[in-house]
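A.B. asks: Quick one: this structure, given as structure tokens, is what I'll be asking you about.
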Amino acid sequence: MKMNILLVDDHRSVVEGTKMLIEAEPDMNVTIETDVYAVPDLVRLKPFDVMLLDLYMPHVNGADLTRKLLEYVPDAVILIYSGFEIAPHFNLLMESGVSGFIAKTSTREQLIQALRCAARKEAIVPMQLLRQLRRQEIVIQGEPGKERQTITQEEDKLLRELAKGKSNKEISKTLMISQRSLEYSLTELFQKLHVGSRVEVIKKAKQLGILPAEDLY
């Protein structure tokens, strides 16, 4: 029986080229779709062993599309197939329910192996990405007798975007979160660092060594 694979990407040249690479394997069949709005109906009508989704597409990103598809097919195996860096969005993507990641720069052999592993319900995480994710939470030593606070990786990324002088709209797009979620995260971060503004939070982060003292952005 052939492995049925769904490939979703708004660039037709990409999906057609990738389809040819994959279907060189005699036991693999690829269905391509460039219209993200057609994907939910497609997965309801036809079962797929593995779905490959681009990370950035018009009107929707891979994380949001993953959530939507899992509503229809809860046990779907979904991989993000992207040419962009995954690390900044790793937690968000994992929370959305993806089973792994494949870089568009992967060799044909790597792509085929990843698809076979995913079909066996194995998680697919490139070694380079794992190395990027080794960073531990940053601990803030509070006053004696008070519980220590930690700066999470997500808050660390938020601080770095703030240091670049980006607006809330720009940051929410970069971090792939809603502006409402961003505002909530900012409020929590300000409370954690006992500050009341963007300028103060950047200054405090530099004092604590979370951000470099010199402006690298």
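Numbering (our numbering), first residue to last: 5 to 221.
Where is the CB? At the ideal position from N, CA and C, for every residue including glycine.
Source: prediction; values computed, not measured.
I need the boundaries of the beta strand (DSSP E) containing Val34, first residue and last residue.
C.D. replies: That run of the beta strand (DSSP E) goes 32 to 37.
A.B. asks: Assign Met98 to one of three DSSP states: helix, strand, or coil.
C.D. replies: Three-state DSSP puts Met98 in a helix.
A.B. asks: Is Ile128 helix, strand or coil when you go by DSSP?
C.D. replies: Strand at Ile128.
A.B. asks: Could you give the distance in angstroms between the alpha-carbon of Met55 and the alpha-carbon of Leu46?
C.D. replies: Their backbone Cα atoms lie some 11 Å apart in a straight line.
A.B. asks: With burial defined as no fewer than 16 other Cβ atoms inside 10 Å of the residue's Cβ, what is the status of Tyr85: buried or exposed?
C.D. replies: Buried, because 16 or more other Cβ atoms sit within 10 Å of the Cβ of Tyr85.
A.B. asks: Since Phe105 sits in a beta bridge, which residues does DSSP pair it with?
C.D. replies: Per DSSP, Ile84.
A.B. asks: Could you tell me the distance, in whole angstroms, from the CA atom of Leu220 to the CA atom of Ala167?
C.D. replies: Summary for Leu220: the model assigns pLDDT 39, below 50, so the residue's position carries little reliability, and this model does not support an answer.
A.B. asks: Applying the 10 Å Cβ sphere with the 16-neighbour rule, what's the burial state of Glu165?
C.D. replies: That one is buried.
A.B. asks: According to DSSP, which residues form a beta bridge with Asn8?
C.D. replies: Paired residue(s): Asn33.
A.B. asks: Using the Cα positions of Leu193 and Asp68, report the straight-line distance between them to the nearest angstrom.
C.D. replies: Cα to Cα, the separation comes out at about 25 Å.
A.B. asks: Would Val34 pass as a contact of Lys23 if the rule is Cβ separation under 8 Å?
C.D. replies: Their beta carbons are under 8 Å apart, which means Val34 touches Lys23 by this criterion.
A.B. asks: Please name the residue in Leu96, Glu29, Tyr60 whose C-alpha comes closest to that of Gln157.
C.D. replies: It is Leu96 whose Cα lies nearest to the Cα of Gln157.
A.B. asks: Check each candidate in Lys173, Leu163, Cys121 and name the one with the smallest Cα separation from Lys210.
C.D. replies: Measuring from the Cα of Lys210, the nearest candidate turns out to be Leu163.
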